[in-house]
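Beneath this line is the structure, given in structure tokens, with notes to follow.
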Amino acid sequence: MKLVPFLTATGLALSALPVMAQTEAVNDSALREEALGVFEAIPQKMTAIKQTEENPDGVPLTAEKIELGKLLFFDPRMSSSQLISCQTCHNVGMGGTDALPTSIGHGWQKGPRNSPTMLNAIFNAAQFWDGRAGDLAEQAKGPVQAGVEMSNTPEVVVQTLNSMPEYVDAFKAAFPGEADPVTFDNFAAAIEQFEATLITPNSAFDRYLAGDDAAMDDQEKRGLQAFIETGCTACHYGVNFGGQDYHPFGLIAKPGAEVLPAGDKGRYEISQTADDEYVFRAAPLRNAALTAPYFHSGVVWDLAEAVKIMSSAQIGTELSDQQAEDITAFLGALTGEQPIIDHPILPMRTDTTPLPAPM
């Protein structure tokens, strides 16, 4: 995926609508038309993933893969210590994050970056802050093997799964016809299918987009207008309000060493290309009100402060307190219906299940 130059290659023009005063009546039709040119609603349900022009039907989601993926997502035995699961850092009950500046992993190590939400992650063009994983299956393989996170190996994961008959049966049901379905690739594919169901439809904004003028209040509508007017849509657009391309953090002005640590150069660490220094994937903004702290450094806890930092660093605009409050209120309208997930009963270990490794 290429770096998209700010305010040009996105193909998005800034709004011609005037900035609304607090007392000015909202023209819902004009505002909605403007929004429909930039954003999409979260679908009510996911039935397939990875649709392309060559394969418009994509890969269907199946109940067996989803249920297996759910087990794997919640099972801490996928980590070498058997203490850390996907759910540990991507808590479905907390906006898909862990509400920490950076996650705590194996050996009580602090991770290098803030944990991104898994809610609606299926809509991102790539995963992780630097986009190093092309899809959720590839992403699922990363933390398991990272020494600072789950510190496991594919071989031990497969050994662990094969040691429990319930898991073996679940893999056979999810991947019928395969002679040896318990593989690391299938482990990741099942997690991807479960995570594809973690979507948050029916936000106030989505209802407004569908024609319900009363779904958002006047301040939220002013915030939507300001979000478009100030140029936030150059990076934050589409169904997930971001997650589609890459931009330098601090395009206009560096936000400071605490927010943008000098040692974390973003995509440069993947590409070793100078143009990728301090370039990151545009953060998706769905459910942003639930996912503090903000930025890859995880140092900003207040959403309005994060809005002001981004406006100054990326656009060169100093927002008034009222504009920041309005945009923050609008971002609150992006909170959708949270997935209700029962914690599954996990398969029972056996005498051949590997023992926990020391932390």
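Numbering (the UniProt record's numbering), first residue to last: 1 to 359. For every residue, glycine included, the Cβ atom is placed at its ideal position computed from N, Cα and C.
Given a threshold of 16 other Cβ atoms within 10 Å of its Cβ, counted over all protein chains shown, does residue i qualify as buried or as exposed?
| i | result |
| --- | --- |
| methionine 78 | buried |
| glycine 256 | exposed |
| lysine 65 | buried |
| methionine 164 | buried |
| serine 320 | exposed |
| lysine 308 | buried |
| glutamine 44 | exposed |
| leucine 36 | exposed |
| residue 437 | Since the first residue of the chain shown is 1 and the last is 359, residue 437 is not available in this structure. |
| alanine 313 | buried |
Can you tell me the Cβ-Cβ gap for residue i and residue j, rounded? I've got them flagged as a contact below 8 Å.
| i | j | result |
| --- | --- | --- |
| asparagine 202 | glutamate 40 | In fact, because the Cβ distance is near 14 Å, the residues do not count as touching under 8 Å. |
| alanine 140 | alanine 188 | 4 Å |
| glycine 223 | alanine 329 | 5 Å |
| glycine 231 | isoleucine 315 | 5 Å |
| arginine 286 | tryptophan 129 | That belief does not hold up - the Cβ atoms of arginine 286 and tryptophan 129 are roughly 16 Å apart, past 8 Å. |
| leucine 61 | glutamine 193 | 5 Å |
| methionine 46 | isoleucine 104 | Actually they are not in contact, since the Cβ atoms of methionine 46 and isoleucine 104 sit about 31 Å apart, beyond 8 Å. |
Which residue marks the beginning of the alpha helix (DSSP H) containing residue i, and which one marks its end?
| i | result |
| --- | --- |
| valine 38 | Valine 38 -> no alpha helix (DSSP H), and no H or E assigned at all. |
| arginine 77 | Segment: none, arginine 77 is in no alpha helix (DSSP H) and carries neither H nor E. |
| phenylalanine 175 | No alpha helix (DSSP H) holds phenylalanine 175; DSSP gives it neither H nor E. |
| phenylalanine 123 | Here phenylalanine 123 belongs to no alpha helix (DSSP H), and DSSP marks it neither H nor E. |
| alanine 99 | Premise fails: alanine 99 is in no alpha helix (DSSP H) and is neither H nor E. |
| glycine 142 | 136-145 |
| valine 156 | 154-162 |
| threonine 88 | 86-89 |
| glutamine 193 | 184-196 |
| arginine 207 | 204-209 |
**Asked** Enumerated in chain order, which unbroken segments of the alpha helix (DSSP H) with a length of 4 residues or greater are wholly contained in the UniProt domain "Cytochrome c" (218-335)?
**Response** 218-229, 268-271, 303-310 and 321-332
**Message:** Quick test of the definition: if touching needs 3 or more C-beta pairs under 8 Å, does the stretch 66-82 touch the stretch 148-159?
**Reply:** yes
**Request:** Evaluate contact between the stretch 291-299 and the stretch 108-115, counting only Cβ atoms and requiring at least three cross-stretch pairs below 8 Å.
**Result:** yes
**Request:** Would you check if the stretch 174-191 and the stretch 54-68 touch, i.e. whether three or more CB-CB distances between them fall below 8 Å?
**Result:** yes
**Meets three-Cβ-pair contact criterion under 8 Å: the stretch 206-225 and the stretch 26-33** = yes
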